Every structure is written in structure tokens, then in C-alpha cells.
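Okay, so the sequence shown: first residue is 358 according to the numbering used here, each after it adds one.
Below: one structure, written as C-alpha cells.
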Amino acid sequence: MTILVVGSGGREHALVWRLAQSPASTKLYASPGNPGIARLAECIAPASPTPEGFLSVAETVGADLTVVGPEAPLVDGIVDLFRARGRRIVGPSAAAAQLEGSKIFAKEAMRRFGVPTAQYSCADNLGDALHALRRFPCPVVLKADGLAAGKGVCIARTREEAEQTARALMSGSLVGEAGRRLVIEEFLEGEEVSFIALTDGTHVVPLEPTQDHKAVFDGDQGPNTGGMGAYCDSRILTARQHDLILERVIYPVVEGMRREGRPFSGFLYAGLMMVEGEPKVLEFNVRLGDPETQALMHRMDDDLLPLLEGAAAGELRPGPIRWRTGPSVCVVLAAAGYPGTPRKGDPVFGIEEAESLGACVFHAGTRIENGRLVTSGGRVLGVTAAGADLSSAIANCYAAVSKIHFEGMHYRRDIGLKGLKRWPALE
Ligand code: AMP
Ligand code: GLY
């Protein structure tokens, strides 16, 4: 079986790593991939990072199954194109990917399907936005409608800041065209959880809950990033909360999208705020999370391939996935300047030492230059480790992190601590 993974980050490295352990006989390709992935799969750069570019790679290698990591090709219709050419692929159609491609679409879908979310208003001109802002107390949340690589959400503490942000978003100066329309919404307080389920449009297989750490500095301080670390631990949700999320969020969306003639298949990621123990949706993503996937794939104790094949074929077999009992933790090592413009080209040292301690070091922003591994993006590596309990998983992960070095490297030192604070007596 020939499998193609589309993408070049830590999420894709973790997917390839898990697929490489499938008992089935597989030949793995990634496009474009990265130097870490290249140890497990053949990496092929597409002529262009578009649905057509990736289709041409899939045709060249004869891919029997393609899995898409990032959102952009999904929103651009890669699944529609592959299906039209008779190629199996895991992911939603462009119409279903609007759940991530347009925050306004997502909010309206949630309203139609009765999914709990923050109160909101939509605006497509500055006058409406300023008017809508008056309806919400501060802090208030402003969201660019379109894809903005994690930079389209602003939390304004004061009325002046909110108005300034609305102006900046709508003028196009902050995130370009993505900000021409806005969602303005109520600020929610609670505990954030990433809940991801695999679906074929009808059947649903939930993955374990994870918790991301979006802010760049310890204690959730500083600007938001794509994610500075994540951990995966069943105790993030109680059994009741897990069921509530399926009943109030995941099933209504899967059923609603099918009923409306744009069935959703692939990974449905609900970014949730647990408010007084009950879920409210902050956002949907139409793909696996990064770095959540690194923690998830590390903890999964099952063959991923039949699940992906089932989702692509519309024959997903509902049933529990096997997971290791011990939690997993992923700490992201970021380059100087991230989440602003990252510095590139710094040599990376110590990955083998980190791996000799039992950690998996997933590559994200790396490349080979003159035979040496150097940094080439904001999130450089995702160091991932497990342990018998959360405190030992955290300790194992940071022990591996301490072996790695590159100029300007920075990372959070509190990944997983929220869990430890919640369950001190159990650890
Ligand atoms: P999103 O891209 O919608 O997940 O937003 C990015 C981050 O902004 C989330 O992970 C939250 O930390 C925060 N956020 C988004 N919406 C809200 C909200 N309504 N209330 C509080 N925080 C929010
Ligand atoms: N870690 C958040 C995301 O993948 O969008």
C-alpha cells in the first residue's frame, strides 16, 4: 500500500512515524516533508503547494491513500480534486472545510445545528463592527473570518483596543483579505481542550482529549502562536464531559453537515472552552492539530492505517482506539523571533542525545544546509515523551529537551502543568 502524507510540519512527522509502525506493508511518501520525515518516508517537493501540485505527486508515486495535514489545501479543494480522479484521500471537501475556512460559516452552522458556542455578531464593514462592539462587554474577542495562520484572533481588553483592532483587521493591514469580514464574540473563561474525532461523514471515532498551549510564554503570557506544546491525558475530560462533547458538538455537526449536502469526512477538531464543566466551541479546524498530533500519535497504541482507510472509503468502523495508559507530552522548541518573523539557518544540535533518552523528536521548521541540520521556521522541533504518570512524562520530555540546542532557541517550561495542578492528589 502506497501512502502519501501532505505537509511539512511536526504533525505530519508524527503521522508518518505512526504509519511507519503499521503492521501492513506500506511504502510511505510525504510532500513536501522535512528532514525528520525523510528518515521514514521518501519526500517529494510538489511543483506548487496546491491541490494540483499534490495530485501530480500522488499520481507519480501511485498513492493508494493520501492524508492531508494542513488546512490550506483542504479549503482549496484537494479532496474534491483527488476524488474526481478516483484517488482515496482522508479529509473534508472544500464545502465542508468551510468550517475552518470561514469563521462566519462556522458560527452560522453552529447556530443551525444547536451547538453551544460564544454569543456573537458578524460584520462585513467597519460601521457594523463598531456598532456590534457596543453590544459586548470587555474583554471582547475579534476574529478574522478567513484563514490567518493562527493570527486572526484578537482579545481586546478595552473599548479603544477593540475599535483599533477592528480597524486594523478590516483594513487588511493585520491579516490581509482574511480580515475583511469579522466575527465579534463574547469572551469565555474556562479551561481550553482540543477534542478531535475522525469521521467518514456518518460514523465517528473520537481521539483522546489534548490540551494545547497557544501563548508563547509561560503562564499563558504573550502573543498567541500555532501552539507551543501539548499533552494527551484521558483525565483532561471526565466520562460525562466526553459524552457531552460528542452529543452536543461532534454528532450534531457531522449529522448537520450530511443533512445539508456537504458531508464532513476526515479529522474534525473542536477547540473548546469548558465553561463550568460544559463545552462551548471556540473554533473548528478541519484537520489534526499541531502540536496535539505529536502527543496523540505518541500515545496511540493501535494501527492508524485501517482508521484512515475507513474514513477515506466511507466505511469507518466505530469502536474504541487503544491508547497507552501513561500520558504523553510534546514541548515545541521555537526559533528566535517566533511568533514574529523567525530567524533561520541556525545549526541544530543534540537530537540524537534527546532520542537516546527515549523521546521522539518530531521535526517542523528544519532543513539540511551544506550537510547540516539548521532551523528554517518558527516552530523548529516537537520533543515528545511519555511517562507512567503526567509528572514523569513532563520530566522525561524536559530531560530530552535539555539535550537540544540551537542559537536563539526558546520554549515554554510549563507544558502540562495545568494538568498537574488539576490532579495533584492522583499523581
Ligand atoms: P481560535 O483560533 O478561535 O481557537 O482562537 C485562538 C485562541 O483565542 C483560542 O485558543 C483561545 O485561547 C482564544 N479565544 C478564542 N475565542 C475565544 C473566546 N470567545 N473567549 C476567550 N478566548 C477565546
Ligand atoms: N494547535 C492548534 C491548531 O493546530 O490549530
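Just so it is clear, CB atoms sit at the ideal spot from N, CA and C, and this is done for glycine as well.
Just so we're clear, the structure is a prediction, and the values are computed from it rather than from any experiment.
Can the beta-carbon of residue i be found closer than 8 Å to that of residue j?
i	j	result
R368	G426	yes
V532	Y477	no
A670	G735	no
C717	T732	no
P496	P580	no
V632	F621	no
R729	P704	yes
G509	G536	yes
V472	V606	yes
D502	K460	yes
D658	R674	no
V550	I678	no
N753	G715	yes
L438	P408	yes
I602	F552	yes
R619	A453	yes
A420	D557	no
Taking residue i and residue j to be in contact with their CB atoms under 8 Å, please state how far apart those CB atoms are, rounded to whole angstroms.
i	j	result
G547	M630	5 Å
V643	P449	5 Å
L323	T567	Past the boundaries of the shown model lies residue 323; the chain is included only from 358 to 784, so the question cannot be answered.
D771	D575	5 Å
L422	E666	6 Å
A398	V373	5 Å
R615	T559	7 Å
F624	A371	That belief does not hold up - the Cβ atoms of F624 and A371 are roughly 13 Å apart, past 8 Å.
E543	F493	6 Å
V793	P430	Outside the displayed span of the chain (358 to 784) sits residue 793, for which this structure offers no information.
A305	A750	The question about residue 305 has no answer here: the residues shown for the chain are numbered 358 through 784.
K555	L664	Looking at the sequence itself, residue 555 is Leu, so the reference to Lys does not match. Correct: roughly 6 Å between the Cβ atoms.
Y588	G776	6 Å
Counting along the chain, where does the alpha helix (DSSP H) carrying residue i start and finish?
i	result
P663	661-670
S551	Segment 548-556 is the beta strand (DSSP E) holding S551; no alpha helix (DSSP H) there.
H720	Taken as a continuous stretch (DSSP letters only), H720 belongs to no alpha helix (DSSP H), being part of the beta strand (DSSP E) at 717-720.
R440	435-441
L777	774-779
T650	649-656
E520	516-528
E416	408-418
L483	483-490
L601	596-602
Return yes when the C-beta of residue i is under 7 Å from any heavy atom of the ligand GLY, and no when it is not.
i	result
E549	no
D647	yes
N642	yes
G364	no
G583	yes
D323	The structure shown has nothing for residue 323, since the chain only spans 358 to 784.
Flag residue i as yes when its Cβ comes closer than 7 Å to any non-hydrogen atom of the ligand AMP, and as no otherwise.
i	result
L376	no
A463	no
M614	no
A544	Inspection of the sequence shows that residue 544 is occupied by Phe rather than by Ala. Indeed, a heavy atom of the ligand AMP lies less than 7 Å from the Cβ.
I607	no
L490	no
M467	no
L639	yes
K508	no
I512	yes
K775	no
K384	no
G628	yes
V498	yes
A404	no
A475	yes
Can you tell me which residues form a DSSP beta bridge with residue i?
i	result
C511	L499
D569	A587
K384	T359
V373	Beta-bridge pairing links V373 to no other residue.
P704	V731
Q578	F574
K637	M630
T474	V638
I541	S478, L499
F763	BP columns for F763 are empty, so no partner.
L625	A554
A691	R736, H767
V686	Y588, A742
G364	P389
Just curious, the beta strand (DSSP E) that residue i is in, first and last residue?
i	result
R736	736-743
T723	723-726
S749	Careful: S749 lies outside any beta strand (DSSP E), inside the alpha helix (DSSP H) at 747-758.
V561	561-563
L645	Careful: L645 lies outside any beta strand (DSSP E) and carries neither H nor E.
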